[in-house]
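Q: Residue numbers (full-length UniProt numbering): 2 to 252.
Even for Gly, the Cβ is constructed at its ideal location relative to N, Cα and C.
Input: one structure, supplied below.
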Amino acid sequence: TRSIRPLVAGNWKMNGLKADLAVATEVAKGYAPELKGKVDLAICPPASLLFMASAALIGSRIATGGQDCSAQGSGAFTGEVSAAMLTDAGATYAIVGHSERRTLHGETNAIVKAKAEAAQKELLVPIVCVGETREEREAGKALAIVRRQIRGSVPDGASAATLVVAYEPVWAIGTGLTPTAQDVAEMHAAIRAELGKLLGKAAAAGVRLLYGGSVKPSNAAELMNVANVDGALVGGASLKAEEFLAIAKAC
Ligand code: PEP
Numbered sequence: 002t003r004s005i006r007p008l009v010a011g012n013w014k015m016n017g018l019k020a021d022l023a024v025a026t027e028v029a030k031g032y033a034p035e036l037k038g039k040v041d042l043a044i045c046p047p048a049s050l051l052f053m054a055s056a057a058l059i060g061s062r063i064a065t066g067g068q069d070c071s072a073q074g075s076g077a078f079t080g081e082v083s084a085a086m087l088t089d090a091g092a093t094y095a096i097v098g099h100s101e102r103r104t105l106h107g108e109t110n111a112i113v114k115a116k117a118e119a120a121q122k123e124l125l126v127p128i129v130c131v132g133e134t135r136e137e138r139e140a141g142k143a144l145a146i147v148r149r150q151i152r153g154s155v156p157d158g159a160s161a162a163t164l165v166v167a168y169e170p171v172w173a174i175g176t177g178l179t180p181t182a183q184d185v186a187e188m189h190a191a192i193r194a195e196l197g198k199l200l201g202k203a204a205a206a207g208v209r210l211l212y213g214g215s216v217k218p219s220n221a222a223e224l225m226n227v228a229n230v231d232g233a234l235v236g237g238a239s240l241k242a243e244e245f246l247a248i249a250k251a252c
């Protein structure tokens, strides 16, 4: 039995047109009472679909989230989406610091922290993503890198109710590769310990630590049963309702 209610969040990335909201409604249909009693679900569609997805999921107890949010409140920031806009569109969560943002958009730990704080200011729960590259893992630096990301990206004063952390090894995202259960256990324990130093042990003990990176129905049970794994952040497999639901059931 778990002390923390797990969360399975789907990151649709830059995928999804109006017609694909059918995936969200199919997930809602499959979110049976016994599953509702055990695991929280969230869907993070592209910003263009967020409002409609939130509306389609009213009454389903499935939350929605943005895939990023601006560190700025409002103003002359063409193309950015603010935390208040996400809240206004019905979101509960905002993914921040996804490796694709860190790598392709040059987001530093300081930027990720500012985004997480902006999200919290609007009562969104940031899902702060961390994770090492393949080179960093091979060099034996994975734990050090991720600890540094946690120290640099997690807002001060966060608690179980205001923060989710996702460990996503960069080399596992979209590749079909996953770390061993032992490596995940080691990393999640290290993240919990680092959060304890930052937030205090009691607060850190309740923060949900998601694993992300090539989670699919066939490996979900093994990954979700690792100590300190409190759910999953799911990319590719979240685009198919039955796969997403199968992962949720594996919690
Ligand atoms: C992600 O990008 O958050 C992710 C986990 O992707 P995938 O499941 O496709 O590896």
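So, using beta-carbon positions, are Leu210 and Asn229 closer together than 8 Å?
A: Yes; because the gap between Cβ atoms is below 8 Å, this pair is in contact.
Q: Which class does Asn16 belong to by DSSP, given the choice of helix, strand or coil?
A: In this structure, Asn16 counts as coil in the three-state DSSP scheme.
Q: With 16 other CB atoms within 10 Å as the buried threshold, where does Leu124 fall?
A: Exposed, because fewer than 16 other Cβ atoms sit within 10 Å of the Cβ of Leu124.
Q: Measuring only the C-alpha atoms, how far is Gly31 from Leu246?
A: Each residue's Cα considered, the two are about 7 Å apart.
Q: Determine which residues share a DSSP beta bridge with Ala95 and list them.
A: In DSSP, Ala95 forms a bridge with Gly67, Pro127.
Q: Below 8 Å on the Cβ atoms is my contact criterion, and I expect Thr179 with Leu224 to pass it. Report the Cβ-Cβ distance as a whole number of Å.
A: Their Cβ separation, rounded to whole angstroms, is 7 Å, which keeps Thr179 and Leu224 in contact under 8 Å.
Q: To the nearest angstrom, how far is the alpha carbon of Ile174 from that of Ala140?
A: For Ile174 and Ala140, the distance between alpha carbons rounds to 19 Å.
Q: Judging by CA-CA distance, which residue of Pro218, Ala182, Ala194, Pro170 is the nearest neighbour of Glu136?
A: The shortest Cα separation from Glu136 among Pro218, Ala182, Ala194, Pro170 belongs to Pro170.
Q: If we ignore side chains and look at the alpha-carbon of each, how far apart do Lys122 and Ala85 end up?
A: Between Lys122 and Ala85, the C-alpha separation is close to 9 Å.
Q: Report the partner residues of Val235 according to the DSSP bridge assignment.
A: According to DSSP, which records beta bridges pairwise, Val235 is partnered with Gly11.
Q: Please work out which residues of its chain come closer than 7 Å, Cβ to Cβ, to Ile112, disregarding the five sequence neighbours upstream and downstream, and give them in chain order.
A: Excluding positions up to five away in sequence, the list reads Ala72.
Q: What are the boundary residues of the beta strand (DSSP E) that Ile146 is part of?
A: Where Ile146 is concerned, there is no enclosing beta strand (DSSP E), although the alpha helix (DSSP H) it sits in stretches over 143-154.
Q: First and last residue of the beta strand (DSSP E) that includes Ile44?
A: Where Ile44 is concerned, the enclosing beta strand (DSSP E) stretches over 41-45.
Q: Just confirm the distance between the C-beta atoms of Gly76 and Leu51, as a whole number of angstroms; I'd bet it's less than 8 Å.
A: Incorrect: roughly 20 Å between the Cβ atoms, too far for contact.
Q: Under three-state DSSP, which class holds Ala159?
A: Ala159 falls in the coil class under three-state DSSP.
Q: Give the DSSP-derived three-state secondary structure of Val227 in the structure shown.
A: Here Val227 sits in coil by DSSP.
Q: What separation, rounded to the nearest whole angstrom, lies between the Cα atoms of Arg102 and Glu108?
A: Using only the alpha carbons, I get a separation of about 6 Å.
Q: Helix or strand or just coil, what does DSSP make of Arg102?
A: Arg102: helix per DSSP, three-state reduction.
Q: Please report how far the alpha carbon of Lys202 lies from the alpha carbon of Ile192, in whole angstroms.
A: About 12 Å.
Q: Taking a contact to mean a Cβ-Cβ separation below 8 Å, would you say Thr65 touches Ile96 in this structure?
A: Not in contact: Thr65 and Ile96 (Cβ atoms no closer than 8 Å).
Q: Give me the DSSP bridge partner(s) of Arg138.
A: According to DSSP, Arg138 bridges with nothing at all.
Q: May I ask you to check if the CB of His189 is nearer than 7 Å to at least one heavy atom of the ligand PEP?
A: No.
Q: Determine which residues share a DSSP beta bridge with Val28 and list them.
A: DSSP lists no partner for Val28.
Q: Do the CB positions of Tyr94 and Ile128 come within less than 8 Å of each other?
A: Cβ atoms of Tyr94 and Ile128: closer than 8 Å.
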